[in-house]
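J.: Going by the numbering used here, the first residue of the sequence shown is number 81, and it counts up by one from there.
C-beta atoms are modelled at their ideal positions from N, C-alpha and C, and glycine is treated no differently.
Note that the coordinates shown come from a computational prediction; the quantities given were computed from them, not determined experimentally.
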Amino acid sequence: MSGVLEGFTVIFVVIALGYLLAHLNVLGEHGQFVLGRLVFFVATPALLFVTLANSDLSVILSPVLAVAGSTALLVGAIYFVIAKLALKRAVPDATIGALASSYVNAANLGIPIAVFVLGDANFVAPLLLFQIMIYTPIAVTILDISTKIDKVSLFKTVTTPFRNPIVVAGAAGLVLSITGYELPEALMQPFQLVGNLSVPGALLAFGLSLYGARVLQKGISPRRDVALATVFKMALQPVLGYLMARFVFGLDGHDLFAIVVVSALPTAQNVFVFASRYQRGVVLARDTAFVTTLVSIPVIALVTVFLA
């Protein structure tokens, strides 16, 4: 339980620092925009490249990958259909909502929780791989195509994923991991240095966005969308994770506990970064990340009590 609180404390302190920077106007009126683009185009690709290049595929290719990946896709798909048909949302907004309902905070919160609660950071590695190499390319491709004003050619549609820096960096890192090739330290160090900015940068940008904004403010926040995404993220996804791990893969004990904890992690700040990049569903992403982060504390505590 102390590990849960310690992991969340780290997150809230950095977010609070971002809020303070906005209050003091240290970064100017365009600070959030510039920092968000820096994280999206530079820091996050560098982090993903280093993470995957140094990853152990034998650890990544585990039941956690199958459970985390399939449940995230299923939850996101259900949300997307409801958002389109029932809430009448446009494709970009429905896509951001789908991400908010299923894209797990596996890096800046998942790693501390995995270390302090599960005792092994490798439990989140499969989820990181899935979100980097499968979920992110699908989402950003949909966002790239659906936010274009002009007609999109077949060539642009096919090549869209390969022109996104996050996807390209992830693919390059995975190639190094598969081949076992190691870059010289002088070349890898710059990526590590820049990649270290990704997690705090995303949290700072999130904190900057909270200044002057009222979470779930009437008339501004899409409350129904936030409520739906929160229920899906904090209830549906952990339940599906438990059912699949327990009855499909036959897992129990610590492995079952780990999968449910990973599934119960809140919405990643990366969703807010994506929303800011495409200027669609920004408030939805911000409010859902904030609410699920708060709700995940008691949820993970309950999972720890019943399954640990």
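CB Val130 to CB Phe271, shorter than 7 Å?
T.: Looking up residue 130 in the sequence shown gives position 50. Looking up residue 271 in the sequence shown gives position 191. Yes, they are a contact pair.
J.: Starting from the C-beta of Leu331, find all residues in its chain whose C-beta is less than 8 Å away, skip the five residues before and the five after it, and write them out in chain order.
T.: For the purposes of this step, residue 331 is taken as the residue at position 251 of the sequence shown. Excluding positions up to five away in sequence, the list reads Pro143, Ala325 and Ile339.
J.: Considering Cα atoms alone, identify which of Leu374, Ala170, Ser278 and His334 is closest to Arg117.
T.: Along the sequence shown, one-based indexing puts residue 117 at 37. Checking every option, the nearest Cα to that of Arg117 belongs to Ser278.
J.: Can you tell which of Pro346, Leu254 and Val353 has the C-alpha that lies nearest to the C-alpha of Arg368?
T.: The count along the sequence shown starts at 1 and reaches residue 368 at position 288. In the sequence under discussion, the amino acid at residue 368 is Thr, which differs from the Arg named in the question. The option with the nearest alpha carbon to Thr368 is Pro346.
J.: Would a C-beta distance cut-off of 7 Å place Ala178 and Gly156 closer than the cut-off?
T.: In the sequence shown, counting from the first residue as 1, residue 178 sits at position 98. In the sequence shown, counting from the first residue as 1, residue 156 sits at position 76. Closer than 7 Å, so yes.
J.: If we call anything under 7 Å between Cβ atoms a contact, is Val379 one with Ala344?
T.: One-based indexing of the sequence shown puts residue 379 at position 299. One-based indexing of the sequence shown puts residue 344 at position 264. A contact, by the Cβ cut-off of 7 Å.
J.: In whole angstroms, what separates the C-alpha of Ser135 from that of Met314?
T.: As a working note, residue 135 is residue 55 in the sequence shown. As a working note, residue 314 is residue 234 in the sequence shown. Between Ser135 and Met314, the C-alpha separation is close to 28 Å.
J.: Would you say Val362 and Ser356 are within 7 Å of each other, going by their C-beta atoms?
T.: Walking along the sequence shown from the start, residue 362 turns up at place 282. Walking along the sequence shown from the start, residue 356 turns up at place 276. Yes; because the gap between Cβ atoms is below 7 Å, this pair is in contact.
J.: Quick check: what's the CA-CA separation for Val255 versus Ser150?
T.: Along the sequence shown, one-based indexing puts residue 255 at 175. Along the sequence shown, one-based indexing puts residue 150 at 70. Val255 and Ser150: Cα-Cα distance of roughly 23 Å.
J.: What's the call for Ile300, buried or exposed, on a 16-neighbour Cβ count within 10 Å?
T.: As a working mapping, residue 300 is identified with position 220 in the sequence shown. That one is exposed.
J.: What residue does the alpha helix (DSSP H) around Tyr403 start on, and which one ends it?
T.: Past the boundaries of the shown model lies residue 403; the chain is included only from 81 to 388, so the question cannot be answered.
J.: Take the Cβ of Val93 as the centre, count every other Cβ of all protein chains shown within 10 Å, and call the residue buried at 16 or more, exposed below.
T.: Locating residue 93 in the sequence shown gives position 13, where the first residue counts as 1. Exposed is the call here.
J.: Where does the unbroken alpha helix (DSSP H) through Tyr159 begin, and where does it stop?
T.: Numbered from 1 along the sequence shown, position 79 holds the residue referred to as residue 159. Looking at the DSSP string, the run of the alpha helix (DSSP H) that includes Tyr159 is Pro143 to Leu165.
J.: If you reduce the DSSP assignment to three classes, tell me which class Thr221 lands in.
T.: Your numbering for residue 221 matches position 141 in the sequence shown. Helix, per DSSP.
J.: Looking at the structure shown, is Val204 part of a helix, part of a strand, or coil, going by DSSP?
T.: To locate residue 204, count along the sequence shown from 1; it is residue 124. Correct three-state label for Val204: coil.
J.: Would you mind giving the Cβ-Cβ distance between Ala348 and Tyr183, rounded to the nearest angstrom? I have them listed as a contact below 8 Å.
T.: Translated into positions along the sequence shown, residue 348 becomes position 268. Translated into positions along the sequence shown, residue 183 becomes position 103. Yes, Ala348 and Tyr183 are in contact; Cβ-Cβ is about 5 Å, under 8 Å.
J.: On the DSSP letters alone, give me the boundaries of the alpha helix (DSSP H) that Ala289 sits inside.
T.: The residue you call residue 289 lines up with position 209 of the sequence shown. Contrary to the premise, residue 289 reads as Ser rather than Ala in this sequence. Per DSSP, Ser289 belongs to the alpha helix (DSSP H) from Ser278 to Leu290.
J.: Taking all protein chains shown into account, do 16 or more other C-beta atoms lie within 10 angstroms of the C-beta of Arg169, making it buried, or fewer, making it exposed?
T.: As a first step, residue 169 is located in the sequence shown; it is residue number 89 there, counting from the start. Result: buried.
J.: Tell whether a beta-carbon distance below 7 Å holds between Tyr358 and Leu167.
T.: If you number the sequence shown from 1, residue 358 lands on position 278. If you number the sequence shown from 1, residue 167 lands on position 87. Their beta carbons are not under 7 Å apart, which means Tyr358 does not touch Leu167 by this criterion.
J.: In whole angstroms, what separates the C-alpha of Gln297 from that of Leu290?
T.: As a position in the sequence shown, residue 297 is number 217, starting the count at 1. As a position in the sequence shown, residue 290 is number 210, starting the count at 1. Computed Cα separation, rounded: 12 Å.
J.: Assuming the contact rule is C-beta atoms closer than 8 Å, Leu284 and Leu104 should be a hit. Round their C-beta distance to whole Å, please.
T.: By 1-based counting over the sequence shown, the position of residue 284 is 204. By 1-based counting over the sequence shown, the position of residue 104 is 24. About 13 Å separates the two Cβ atoms, so there is no contact after all.
J.: If we ignore side chains and look at the alpha-carbon of each, how far apart do Glu86 and Ile95 end up?
T.: Locating residue 86 in the sequence shown gives position 6, counting from the first residue. Locating residue 95 in the sequence shown gives position 15, counting from the first residue. Each residue's Cα considered, the two are about 15 Å apart.
J.: Using DSSP's beta-bridge definition, name the partner residues of Thr347.
T.: Locating residue 347 in the sequence shown gives position 267, where the first residue counts as 1. Answer is Val184, bridged to Thr347.
J.: With a cut-off of 8 Å on the beta carbons, I'd call Ala152 and Asp305 a contact; round off their distance for me.
T.: Against the sequence shown, residue 152 aligns to sequence position 72. Against the sequence shown, residue 305 aligns to sequence position 225. Rounded, the Cβ-Cβ distance is 18 Å, inconsistent with contact.
J.: How many whole angstroms separate the CB atoms of Ser257 and Ala133, which I take to be in contact at a CB cut-off of 8 Å?
T.: Within the sequence shown, residue 257 is the residue found at index 177, counting from 1. Within the sequence shown, residue 133 is the residue found at index 53, counting from 1. Sure, about 6 Å apart at Cβ, within 8 Å.
J.: Skipping 5 residues on each side, what residues in its chain have a beta carbon closer than 6 Å to that of Ala309?
T.: What you label residue 309 is simply residue 229 of the sequence shown in a count that begins at 1. So the list reads Gly177, Ala180, Ser181 and Thr368, once near-sequence residues are dropped.
J.: Check whether the Cβ atoms of Phe352 and Leu387 sit closer than 7 Å, and answer yes or no.
T.: As a first step, residue 352 is located in the sequence shown; it is residue number 272 there, counting from the start. As a first step, residue 387 is located in the sequence shown; it is residue number 307 there, counting from the start. Contact flag unset, no.
J.: Would you grab the beta carbon distance between Leu288 and Leu115 for me? Rounded to a whole angstrom, and I think it's under 8 Å.
T.: The residue given as residue 288 occupies position 208 in the sequence shown. The residue given as residue 115 occupies position 35 in the sequence shown. Leu288 to Leu115, Cβ: 7 Å. Contact.
J.: Could you check where the alpha helix (DSSP H) with Val248 kicks off and where it finishes?
T.: Residue mapping note: residue 248 aligns to position 168 of the sequence shown, counting from 1. Per DSSP, Val248 belongs to the alpha helix (DSSP H) from Pro245 to Thr259.
J.: Indicate the three-state DSSP secondary structure (helix, strand or coil) for Ile380 in the structure shown.
T.: Along the sequence shown, read from residue 1 onward, the residue named residue 380 stands at position 300. In the structure shown, Ile380 sits in a helix (DSSP, three-state: H, G or I).
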